[in-house]
Amino acid sequence: TSAYSSPAKSLGDPGITPLSPSHIVKDSDADDAVEQLFLVVVAIDFGTTSSGYAYSFTKEPECIHVMRRWEGGDPGVSNQKTPTTILLTPERKFHSFGYAARDFYHDLDPAESKHWLYFEKFKMKLHTTGNLSMETDLTAANGKKVKALEIFAYALQFFKEQALKELSDQGGSDFENTEVRWVITVPAIWKQPAKQFMRQAAYKAGMASPENPEQLIIALEPEAASIYCRKLRLHQMIDLSSRAPVNGYSPSDTIGTGFTQGKEHVRRNRQSRTFMVENVIGEIWSELEEGDRYIVVDSGGGTVDMTVHQIRLPEGHLKELYKATGGPYGSLGVDYEFEKLLCKIFGEDFIEQFKIKRPAAWVDLMIAFESRKRAAAPDRTNPLNITLPFSFIDYYKKFRGHSVEHALRKSNVDFVKWSSQGMLRMSPDAMNALFKPTIDQIVQHLSEVFDKPEVTNVKFLFLVGGFAESPLLQQAVQSAFGSRCRVIIPQDVGLTILKGAVLFGLDPAVIKVRRSPLTYGVGVLNRFVEGKHPPEKLLVKDGTRWCTDVFDKFISADQSVALGETVTRSYTPAKPSQLVIVINIYSSEHDSVGFITEPGVKKCGTLRLDLTGTDAAAPNRREIKTLMQFGDTEIKAMAVDVATSKSVKVGIDFLNY
Numbered sequence: 007t008s009a010y011s012s013p014a015k016s017l018g019d020p021g022i023t024p025l026s027p028s029h030i031v032k033d034s035d036a037d038d039a040v041e042q043l044f045l046v047v048v049a050i051d052f053g054t055t056s057s058g059y060a061y062s063f064t065k066e067p068e069c070i071h072v073m074r075r076w077e078g079g080d081p082g083v084s085n086q087k088t089p090t091t092i093l094l095t096p097e098r099k100f101h102s103f104g105y106a107a108r109d110f111y112h113d114l115d116p117a118e119s120k121h122w123l124y125f126e127k128f129k130m131k132l133h134t135t136g137n138l139s140m141e142t143d144l145t146a147a148n149g150k151k152v153k154a155l156e157i158f159a160y161a162l163q164f165f166k167e168q169a170l171k172e173l174s175d176q177g178g179s180d181f182e183n184t185e186v187r188w189v190i191t192v193p194a195i196w197k198q199p200a201k202q203f204m205r206q207a208a209y210k211a212g213m214a215s216p217e218n219p220e221q222l223i224i225a226l227e228p229e230a231a232s233i234y235c236r237k238l239r240l241h242q243m244i245d246l247s248s249r250a251p252v253n254g255y256s257p258s259d260t261i262g263t264g265f266t267q268g269k270e271h272v273r274r275n276r277q278s279r280t281f282m283v284e285n286v287i288g289e290i291w292s293e294l295e296e297g298d299r300y301i302v303v304d305s306g307g308g309t310v311d312m313t314v315h316q317i318r319l320p321e322g323h324l325k326e327l328y329k330a331t332g333g334p335y336g337s338l339g340v341d342y343e344f345e346k347l348l349c350k351i352f353g354e355d356f357i358e359q360f361k362i363k364r365p366a367a368w369v370d371l372m373i374a375f376e377s378r379k380r381a382a383a384p385d386r387t388n389p390l391n392i393t394l395p396f397s398f399i400d401y402y403k404k405f406r407g408h409s410v411e412h413a414l415r416k417s418n419v420d421f422v423k424w425s426s427q428g429m430l431r432m433s434p435d436a437m438n439a440l441f442k443p444t445i446d447q448i449v450q451h452l453s454e455v456f457d458k459p460e461v462t463n464v465k466f467l468f469l470v471g472g473f474a475e476s477p478l479l480q481q482a483v484q485s486a487f488g489s490r491c492r493v494i495i496p497q498d499v500g501l502t503i504l505k506g507a508v509l510f511g512l513d514p515a516v517i518k519v520r521r522s523p524l525t526y527g528v529g530v531l532n533r534f535v536e537g538k539h540p541p542e543k544l545l546v547k548d549g550t551r552w553c554t555d556v557f558d559k560f561i562s563a564d565q566s567v568a569l570g571e572t573v574t575r576s577y578t579p580a581k582p583s584q585l586v587i588v589i590n591i592y593s594s595e596h597d598s599v600g601f602i603t604e605p606g607v608k609k610c611g612t613l614r615l616d617l618t619g620t621d622a623a624a625p626n627r628r629e630i631k632t633l634m635q636f637g638d639t640e641i642k643a644m645a646v647d648v649a650t651s652k653s654v655k656v657g658i659d660f661l662n663y
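Numbering (my numbering), first residue to last: 7 to 663.
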């Protein structure tokens, strides 16, 4: 509650009051850090369901290398990425990641496996936790809890080591972490604490440090996708308006020759794939003119986020027109519907027990479902078979006293049958029904975005992310919005974000204007005005009547901010004899905030400026300049005592207040 008690009244807190008039200075080159020279940019796409990395040497930025193929891939899922799964030993030490973690966990004896800690799809926790902190826990498959920060740090450390090893193998000499600029992608709709949490986990993993924060860039997923889409050539994408939806997994000959690998200029290189990104604006962009708008819809495993960009020529810089929106409508929703279907057939009590008692077999069942999920298509006529693990059939018989087959006959789910080979047979309609709720939410959300005034005259809709491989989603988006704009899907759509993140790391200034997701300001004292200020805010100090807790706004939610833009305000101590000035920074999701005590206002930073030892020369009205620098995914604040040039800096912190 202390955050909401009046700061000025508590502890005789040193107050500040605005020096009128407050002015905004756009000053982008005030203290630009000297650009560090990194040899390579490595981007990590840390996804809900799968993850991967790619890199590019700063000397040859047109080559993007996507990480080596991983051993242990699933049948029916050819992918450069690895599942986002992590296994800790019973002593809670890191054991393995990805396919290796999954396979090892699966091969453990059931009696032993319940002591091991297996985590999957844990990234969603950062999105769904309202009060995320360094102490937030994650729950393993066996029900045990571990600090989320540890798991994320283990995962990032794993990628760091893999990437450095691959770079060292390629270069023939050891690659140092200091030579790498890291980029980690996060959903744009994540709240600030989640973005900061990722940065903290990366520091813990040793990728960068609070002393050297520039070494790590947190990039927004749809922004990364947008940057890559600008480079697309016509043979590197499918224009849904001109052809039937294709399934990303069909053999290339059925798709048409334009879609073969040869065109992608792929250089095979020690199993890693290299994509040439020509340093041109792709053909699709040559159709775009100054001021044209397009939407990027990034649909992944956990979240779907969309952002609206506008082109600024001549350099083709991007301007964000409408703040990123979206929600938890990723392909996980389809898995959830499948789970609900299983509960309907076999009983929720059994499924809950099965997940706890046979966690590895449950993981198996979901893997089997995953590969069938990818085979779903609008025009499919033959059924989809899902293999039930033997232990499912066996455990069900023990649990219920009758067979799985009996349960299927008895349940009134008529579109799921039992096949004699020990499989669930789903009709294509049944499978499509599992997709429907999630796809409907995506289409609904997109319709709302299209109705916004900022989103008129959109020329293109780029559908990217792993879920964009689904022909069902492609068809739904095309039929809902194909008449308003051209729907484009990049080839290798699951890697779009990864490649874009590398390009972003090579040139972070490409996105010039963003929308601020929050309103920021500082708490100040104003002269009390009868009738204007609420009487409970009155504070009398040394005969002066002050109004406390006033929120002095620096920037409003959804206001556009240029990259590196600095907003400056000047304040003066409310009491001339003060020796310490404390400036508290607050944020809110609301546009208009009058007082820092209003609901939803959160403290996110403190600047303490020591004024001792300077009294002789100081003028009677000290000027304290406060600056906030926006535009990057991080926000910095600084206070300067103008008379002495003493200054103090702070990064905005959403996790520790």
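Positions of the beta carbon are idealized from the N, C-alpha and C atoms, including for glycine.
Bear in mind the structure is a predicted one, so any value in this text is a computation, not a measurement.
- The alpha carbon of LYS403 has as its nearest neighbour, out of THR88, ILE357, LEU440 and ASP420, the alpha carbon of ILE357.
- Residue pairing for ALA49: DSSP places it in a beta bridge opposite ALA60 and VAL189.
- Beyond the five residues adjoining it in sequence on each side, VAL302 comes within less than 6 Å, by CB distance, of PRO228, ALA231, SER232, THR313 and PHE468 in the same chain, given in chain order.
- The beta carbon of ASP113 sits closer than 7 Å to none of the beta carbons in its chain outside the five residues before and after it.
- Shown here, ARG378 sits in a helix according to DSSP, grouped into three states.
- MET140 sits away from LEU123, with the two beta carbons spaced by 8 Å or more.
- The alpha-carbon of PHE128 is positioned some 23 Å away from that of ARG378.
- For PRO228, the enclosing alpha helix (DSSP H) covers residues 227-235.
- ARG108: member of the alpha helix (DSSP H) spanning 105-113, first to last residue.
- Per DSSP, the unbroken alpha helix (DSSP H) holding ASP341 starts and ends at 338-352.
- In terms of Cα proximity to VAL654, the closest of CYS235, LEU617 and SER562 is LEU617.
- Note that the region 484-501 does not touch the region 509-522; fewer than 3 beta-carbon pairs, one per stretch, sit closer than 8 Å.
- Following the DSSP letters along the chain, one finds HIS71 inside the beta strand (DSSP E) bounded by residues 69-72.
- Pairing ALA382 with PHE441 gives a Cβ-Cβ distance under 8 Å.
- Per DSSP, LEU394 lies in no beta strand (DSSP E) and is assigned neither H nor E.
- Burial is judged here by how many other beta carbons sit within 10 angstroms of a residue's own beta carbon; ASP341 has at least 16 and is buried.
- Under DSSP, the beta-bridge partners assigned to ASP311 are ASP304 and GLY332.
- For ALA159, the secondary structure class from DSSP, reduced to helix, strand or coil, is helix.
- Collapsing the DSSP output to three states places GLU295 in coil.
- Counting only residues of its own chain and dropping the five nearest sequence neighbours on each side, ILE351 has a CB closer than 8 Å to the CB of ALA413, LEU414, SER417, VAL419 and VAL422.
- Under the three-state reduction of DSSP output, HIS133 falls in the helix class.
- For VAL455, no beta strand (DSSP E) run applies; the uninterrupted alpha helix (DSSP H) run containing it begins and ends at 434-456, by DSSP.
- A direct Cα-to-Cα measurement between GLY58 and LEU246 gives close to 27 Å.
- Assigned with DSSP and collapsed to three states, PRO582 falls in coil, not helix or strand.
- Per the DSSP secondary-structure output, CYS553 pairs in a beta bridge with ASN532 and LEU544.
- The shortest CA-to-CA distance from ASP597 to any of VAL369, ALA563 and GLY606 is the one to ALA563.
- Ranked by Cα distance from ASP304, the first of SER476, VAL470 and LEU45 is VAL470.
- In this structure, VAL528 places its C-beta atom within 8 Å of the C-beta atom of ASN590.
- Per DSSP, ARG614 is one residue of the beta strand (DSSP E) stretching across 608-616.
- Between ARG386 and PRO434 a beta carbon distance of about 4 Å is seen, short of the 8 Å cut, so the two are scored as contacting.
- CA-to-CA, the gap between VAL588 and SER594 works out to about 20 Å.
- Comparing alpha carbon positions, the residue from ARG299, LEU162 and LYS329 closest to TRP188 is LEU162.
- Shown here for LEU512: same chain residues with a beta carbon closer than 7 Å to its own, the five before and five after excluded, namely VAL47, SER62, THR64 and PRO67 in chain order.
- For PHE660, there is no enclosing alpha helix (DSSP H), since its DSSP letter is neither H nor E.
- Pairing ILE658 with ALA643 gives a Cβ-Cβ distance under 8 Å.
- For PRO477, no beta strand (DSSP E) encloses it; the enclosing alpha helix (DSSP H) starts and ends at 477-487.
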